[in-house]
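Down below is the structure, laid out as structure tokens.
Residue numbers (my numbering): 4 to 178.
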């Protein structure tokens with residue numbers, strides 16, 4: 004099994020809060036109602052909002068949303084994880100590739116207040132793919148075979164995962 008996670012763009016390579024999100028058109032989705040747990044202010048020098056993307060490449064974890072849900076048994080340790088973000092214009096770029104390190108089967112009862120009540124996928128350490136060579140301009144249909152409405156992840160069957168691998172193989176030696 005594999006999973007694709009749709010994230011928001013982060014202009015700090017998914018390691019820190021965005022710089023000047025109101026001036027970066029790639030951060031536009033963050034200002035839409037209900038898109039992130041806490042939206043930034045348009046005049047922020049450093050994003051004052053809260054999103055899961057801000058430390059994805061340092062904490063290496065992604066929540067099952069909405070709060071209280073779990074990933075169930077479909078995701079297992081070692082499964083492939085592909086990360087995409089929506090580009091300006093509505094198409095997608097594949098920006099990351101890793102594997103599931105572990106799966107929290109129950110929502111967290113303790114710890115960081117913003118993370119309490121969520122179950123997380125813990126991911127193997129990874130870094131974003133080079134911006135210059137990321138597969139870009141992809142439609143939701145090309146990625147998951149249909150329009151992508153709500154939700155930030157989709158499970159992939161073997162054929163769908165092989166599509167992602169082939170998109171990354173030539174450019175990044177992944178596959």
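Positions of the beta carbon are idealized from the N, C-alpha and C atoms, including for glycine.
Three Cβ pairs or more, each shorter than 8 Å: is that satisfied between the region 121-131 and the region 27-38? Touching, no.
With DSSP as the reference, please indicate the residues paired to residue 102 in a beta bridge. Against the chain shown, residue 102 aligns to sequence position 99. Partner(s): 83.
To which residues does DSSP link residue 88 through a beta bridge? Taking the first residue of the chain shown as 1, we reach residue 88 at position 85. Residue pairing from DSSP places residue 88 in a beta bridge opposite 10 and 96.
Among 52, 89, 14 and 154, whose alpha-carbon lies nearest the alpha-carbon of residue 72? On the chain shown, position 69 is the one that residue 72 refers to. When only C-alpha atoms are compared, the closest one is 154.
May I have the straight-line CA-CA distance separating residue 144 from residue 111, to the nearest angstrom? On the chain shown, residue 144 is found 141 positions in, with the first residue counted as 1. On the chain shown, residue 111 is found 108 positions in, with the first residue counted as 1. Taking the straight line joining both Cα atoms gives about 34 Å.
Of all the options 40, 45 and 168, which has the alpha carbon lying nearest to the alpha carbon of residue 29? Position 26 of the chain shown holds residue 29. The candidate whose alpha carbon is nearest that of residue 29 is 45.
May I have the straight-line CA-CA distance separating residue 146 from residue 59, to the nearest angstrom? Here residue 146 is taken as the residue at index 143 of the chain shown, counted from 1. Here residue 59 is taken as the residue at index 56 of the chain shown, counted from 1. Those two C-alpha atoms are separated by around 21 Å.
Residue nearest to residue 166 in terms of C-alpha spacing, selected from 105, 85 and 92: One-based indexing of the chain shown puts residue 166 at position 163. When the alpha-carbon of residue 166 is set against those of 105, 85 and 92, the nearest one is in 85.
Using a Cβ-Cβ cut-off of 6 Å (strictly less than) and excluding sequence neighbours within five positions of residue 139, which residues of its own chain qualify? If you number the chain shown from 1, residue 139 lands on position 136. Leaving aside the five residues that flank residue 139 on each side, the residues in its chain whose CB is nearer than 6 Å to its CB run, in chain order, 96.
Residue 136 versus residue 65 - alpha carbon distance: Taking the chain shown and counting its residues from 1, one reaches residue 136 at position 133. Taking the chain shown and counting its residues from 1, one reaches residue 65 at position 62. Near 24 Å, if we compare the C-alpha coordinates of residue 65 and residue 136.
On the DSSP letters alone, give me the boundaries of the beta strand (DSSP E) that residue 64 sits inside. For the purposes of this step, residue 64 is identified with residue 61 of the chain shown, where counting begins at 1. Where residue 64 is concerned, the enclosing beta strand (DSSP E) stretches over 64-66.
Determine the direct distance from the alpha carbon of residue 52 to that of residue 117, and round the result to whole angstroms. Within the chain shown, the letter at position 114 stands for residue 117. Within the chain shown, the letter at position 49 stands for residue 52. The C-alpha of residue 52 is placed about 12 Å away from the C-alpha of residue 117.
Given a threshold of 16 other Cβ atoms within 10 Å of its Cβ, counted over all protein chains shown, does residue 88 qualify as buried or as exposed? The residue labelled residue 88 in the question sits at position 85 within the chain shown. Per the 10 Å Cβ criterion, buried.
Judging by CA-CA distance, which residue of 83, 47, 81 and 39 is the nearest neighbour of residue 68? Locating residue 68 in the chain shown gives position 65, counting from the first residue. Per the C-alpha coordinates, the member of 83, 47, 81 and 39 positioned closest to residue 68 is 39.
Apart from the five residues on each side of it in sequence, which residues of its chain come closer than 7 Å, Cβ to Cβ, to residue 170? Numbered from its first residue, the chain shown carries residue 170 at position 167. Answer for residue 170: 97 and 138, listed in chain order.
Beta carbon of residue 22, beta carbon of residue 14: below 8 Å? Here residue 22 refers to the residue found at position 19 when the chain shown is read from its first residue. Here residue 14 refers to the residue found at position 11 when the chain shown is read from its first residue. One thing to note: residue 22 has its Cβ within 8 Å of the Cβ of residue 14.
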